[in-house]
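Student:
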């Protein structure tokens, strides 16, 4: 399909994506000559300016991510965000284990904005986790229609260990373009995109 063709032959100066579960996760590219591991926060990581939370709410499909131990072998991953009565944001993450038709896993958490002057820097907490985690909206794809929800999102955190590329749609030219652009931006900010993997979904197997 379109997404597979685009990712199998990416344009020059764009990072490659590999499927989670493949034997080789690391693909050397022109974009990533040096692998850097960050153990301390990089507070200079930029976030979206004039971020509008209401445009971020709703359902997102996870298109790609850096591997995480808490998402090991998860397919069909989605994230849904809705306002709680207290002004916080309900976070509902879902995925299927091992295969796109595997057992569904889900978890419900809560996101808050500690500093209202920086609304794109959220904190997210889930049950049985010791503390909240940074959840920074680094970039968004804005709709051509004023007032419409964001169409794409690049999520990361200042230690640069975790990163997600989200989109409102699963496939299509707009998805392809956003994934490549978001991955390139993350690379430029110091994220290790050599390990970036594409999330399996029912229509992308």
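Residue numbers (our numbering): 5 to 209.
Note that CB positions come from ideal geometry on N, CA and C, so glycine has one too.
Is there at least one Cβ from chain D nearer than 8 Å to residue 198's Cβ?
Tutor: Annotation note: the requested chain D is absent from the structure, which comprises a single protein chain.
Student: Kindly list the residues whose CB is nearer than 6 Å to the CB of residue 106, restricted to its own chain and excluding five residues on each side of it in sequence; keep chain order.
Tutor: If you number the chain shown from 1, residue 106 lands on position 102. 100.
Student: If you run the structure through DSSP and keep just helix, strand and coil, what is residue 138?
Tutor: Along the chain shown, read from residue 1 onward, the residue named residue 138 stands at position 134. The answer is strand: DSSP assigns residue 138 an E or B state.
Student: Can you name, in chain order, every residue of its own chain whose Cβ lies under 8 Å from the Cβ of residue 104, other than the five neighbours on each side?
Tutor: For the purposes of this step, residue 104 is taken as residue 100 along the chain shown, with counting starting at 1. Within the same chain, residue 104 has close Cβ partners 79, 80, 204, 205, 206 and 209.
Student: Here's a check: name, in chain order, each residue in its chain whose Cβ is nearer than 6 Å to the Cβ of residue 195, leaving out the five neighbours to either side.
Tutor: For the purposes of this step, residue 195 is identified with residue 191 of the chain shown, where counting begins at 1. Taken in chain order, the residues that qualify are 164 and 167.
Student: Does the structure place the region 47 to 64 close enough to the region 150 to 163 that three or more beta carbon pairs sit under 8 Å?
Tutor: These segments touch.
Student: Going by C-alpha to C-alpha distance, which of 114, 139 and 182 sits closest to residue 45?
Tutor: As a working mapping, residue 45 is identified with position 41 in the chain shown. For residue 45, the nearest C-alpha among the options comes from 139.
Student: Provide the residue(s) that pair with residue 168 in DSSP beta bridges, ordered along the chain.
Tutor: Indexing the chain shown from 1 puts residue 168 at position 164. DSSP, once it has assigned bridges, lists 69 and 159 as partnering residue 168.
Student: Would you mind working out which of 118, 75 and 74 sits nearest residue 93, comparing C-alpha positions?
Tutor: Taking the first residue of the chain shown as position 1, residue 93 is located at position 89. With distances taken between Cα atoms, residue 93 lies closest to 118.
Student: Taking only the alpha-carbon atoms, compute the straight-line gap between residue 127 and residue 115 and give it to the nearest angstrom.
Tutor: The count along the chain shown starts at 1 and reaches residue 127 at position 123. The count along the chain shown starts at 1 and reaches residue 115 at position 111. Each residue's alpha carbon lies about 5 Å from the other.
Student: Can you give the Cα-Cα distance for residue 184 and residue 143, rounded to whole angstroms?
Tutor: Translated into positions along the chain shown, residue 184 becomes position 180. Translated into positions along the chain shown, residue 143 becomes position 139. Going by the C-alpha atoms only, they are around 13 Å apart.
Student: Can you list, in chain order, the stretches of the alpha helix (DSSP H) that have 4 or more residues and sit fully within the region 55 to 108?
Tutor: As far as the region 55 to 108 is concerned, its whole alpha helix (DSSP H) runs of at least 4 residues are 57 to 60.
Student: By alpha-carbon positions, which one of 123, 161 and 75 ends up nearest to residue 110?
Tutor: Locating residue 110 in the chain shown gives position 106, counting from the first residue. Nearest C-alpha to residue 110: 75.
Student: Rounding to the nearest angstrom, what Cα-Cα distance links residue 108 and residue 54 in this structure?
Tutor: Translated into the one-based positions of the chain shown, residue 108 becomes position 104. Translated into the one-based positions of the chain shown, residue 54 becomes position 50. Cα to Cα, the separation comes out at about 35 Å.
Student: Taking the beta strand (DSSP E) that residue 183 belongs to, which residues open and close that run?
Tutor: Residue numbering aside, residue 183 sits at position 179 when the chain shown is read from its first letter. First-last for residue 183: 177 to 192, but that is the alpha helix (DSSP H), not the beta strand (DSSP E).
Student: Put residue 198 into one of helix, strand or coil per three-state DSSP.
Tutor: The residue labelled residue 198 in the question sits at position 194 within the chain shown. Helix.
Student: On the three-state DSSP scale, how would you describe residue 37?
Tutor: In the chain shown, residue 37 corresponds to position 33, counting from 1. At residue 37 the pLDDT is 29, less than 50, meaning the model places this residue with poor confidence and gives no usable figure here.
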